[in-house]
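Data block below; observations after.
2 protein chains.
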Amino acid sequence: MNGIHEQLRAAGLRVTSPRVAVMEVLGEAQHVSADTVAKAARSRTGAVSTQAIYNVLSDLVSVGLVHRIEPSGSPALYELSTRGTHHHLMCRECAKVVDLACEHGTDPCIMPPKKHGFSDIEADIVFWGTCRECRTRPNRSTNR
Amino acid sequence: MNGIHEQLRAAGLRVTSPRVAVMEVLGEAQHVSADTVAKAARSRTGAVSTQAIYNVLSDLVSVGLVHRIEPSGSPALYELSTRGTHHHLMCRECAKVVDLACEHGTDPCIMPPKKHGFSDIEADIVFWGTCRECRTRPNRSTNR
DNA sequence: TCATATTTTGGAATTATTCCACTTTAGGCC
DNA sequence: GGCCTAAAGTGGAATAATTCCAAAATATGA
């Protein structure tokens with residue numbers, strides 16, 4: 001019934017409460033930071049060490065259950081891999097994130113033309129822009 | 145004669161020794177970290193504060209003279225914008241960087257299909273892979 | 001040459017993440 | 001059902017990259 005236990009098992013991971021809590025949190029929120037995951041997991045399980053959160057997230061990413069987005073300058077964000085491949089569009093000013101299907105076909109956008117001897121190539125593309133709200137907000141400060 | 149002074153002026157920036165030093169450093173090296181820039185600038189100009197390096201790099205990026213690459217998990221890298229638009233292929237293990245022309249035409253790879261109300265959209269695509277040297281190195285440790 | 005806005009300095013603070021040594025726990029086994 | 005052992009978690013300190021702040025220095029243009 002509870003798919004999380006089975007997913008963990010299938011991935012060769014032991015079922016522990018931090019892991020279950022993190023999976024549950026990620027099931028309810030999209031692209032969240034480690035810190036956000038930690039808070040949400042704690043309000044669910046009680047005490048969970050920060051280290052455990054990072055370990056769990058790292059393990060889940062390793063086995064492919066979770067996807068890590070690492071936007072420039074912002075802390076890494078995590079989401080369940082089950083949502084399918086997509087990229088992200090992020091506001092430079094308020095860090096809002098919009099999911100973005102790659103509509104230019106499949107490979108071209110995510111595979112580089114020449115491999116240069118590299119293997120296992122992948123790309124997470126984060127597009128940066130300024131969202132409407134930020135753009136039209138009255139007195140916003142310039143960039144520095 | 146010295147294009148750097150003029151480039152700075154044209155961009156509306158005052159000509160200061162940290163700025164000139166940083167521009168010179170970037171003229172000789174590709175995709176270097178702030179720390180590397182700092183060391184190289186110091187060996188050229190004498191003392192330059194870390195803060196100045198960050199300020200200068202940030203200013204140069206703002207006016208478009210310098211391009212910042214922000215690979216996931218690694219410190220930001222900087223390079224002169226004059227080298228034209230290209231993306232990067234980086235080794236997960238040794239952080240080696242290969243320049244990569246986008247050969248799938250121009251727009252498709254760097255513009256998202258729908259703007260979702262965002263403006264000034266851009267993307268720096270960093271492809272990740274494992275380079276030949278790392279892949280064939282004998283006893284490399286697994287990922288955690 | 002001077003005034004002033006812009007830059008730089010130095011030092012401390014932050015943020016995100018990782019390291020380390022020790023304790024706890026999940027899950028196979030008798 | 002209760003051990004055993006490897007796997008996972010804890011707590012606390014450490015690190016790395018970057019930013020904040022207030023004071024001192026300096027580039028420019030009037």
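Top to bottom, those sequences are chains A and B. Okay, so the first sequence: first residue is 1 according to the numbering used here, each after it adds one. Okay, so the second sequence: first residue is 145 according to the numbering used here, each after it adds one. We treat Cβ as the ideally placed atom computed from N, Cα and C, and that holds for glycine.
Under the DSSP assignment, B:Val242 falls in the beta strand (DSSP E) whose first and last residues are 241 to 244. Taking a beta-carbon distance threshold of 8 angstroms, A:Glu79 does not count as an interface residue toward chain B. The C-beta of A:Ile121 comes closer than 8 angstroms to at least one C-beta of chain B.
Secondary structure at A:Gly129: strand, using DSSP grouped into helix, strand and coil.
Residue-level contact by beta carbon fails for B:Val207 and chain A, as no gap is shorter than 8 angstroms. Contact note: A:His116 reaches chain B through Leu233, Val242, Leu244, Gly273, Cys275, Arg276, using a C-beta cutoff of 9 angstroms and chain order. Its chain contains Val205, Ala220, Tyr222 as the residues whose beta carbon lies nearer than 7 angstroms to that of B:Arg212, once the 5 sequence neighbours on both sides are disregarded; these appear in chain order.
For A:Ser33, no Cβ of chain B is located within less than 8 angstroms of the residue's own Cβ. Nearest to A:Gly129 by alpha-carbon distance, out of A:Asp120, A:Ser119, A:Val98, is A:Val98. With a cutoff of 8 angstroms on beta-carbon distance, A:Phe127 and A:His88 are scored as near each other. C-alpha of A:Ala38 to C-alpha of A:Val25: approximately 9 angstroms in a straight line. For B:Leu233, the beta-bridge partners assigned by DSSP are B:Val242, B:Phe271. The Cβ atoms of B:Leu224 and B:Gly147 lie no closer than 8 angstroms to each other.
Annotation: A:Val20 is outside any beta strand (DSSP E); the continuous alpha helix (DSSP H) that includes it extends over 17 to 28. Checking the DSSP bridge columns, you'll see B:Val210 partnered with B:Leu224.
The C-alpha of A:Val32 is placed about 20 angstroms away from the C-alpha of A:Gln7.
If the five residues before and after A:Arg14 are omitted, its C-beta is found closer than 8 angstroms to the C-beta atoms of Leu8, all from its own chain and listed in chain order.
Per DSSP, A:Arg14 is not a residue of any alpha helix (DSSP H), being assigned neither H nor E. The beta-carbon distance between B:Ile197 and B:Val166, rounded to whole angstroms, is 7 angstroms. This is short enough to meet the 8 angstroms contact definition. Excluding five sequence positions before and after A:Arg42, the CB atoms of its chain that fall closer than 6 angstroms to its own CB belong to Val48, given in chain order. If you check the CB distance, B:Ser161 and B:Thr180 do not come in under 8 angstroms. Between the beta-carbon of A:Arg132 and that of B:Gly261 there is about 4 angstroms, and that keeps the pair under the 8 angstroms contact cut.
Cβ-Cβ distances below 8 angstroms link B:Gly156 to Val207 in the same chain, with the five nearest sequence neighbours on each side left out; the list follows chain order.
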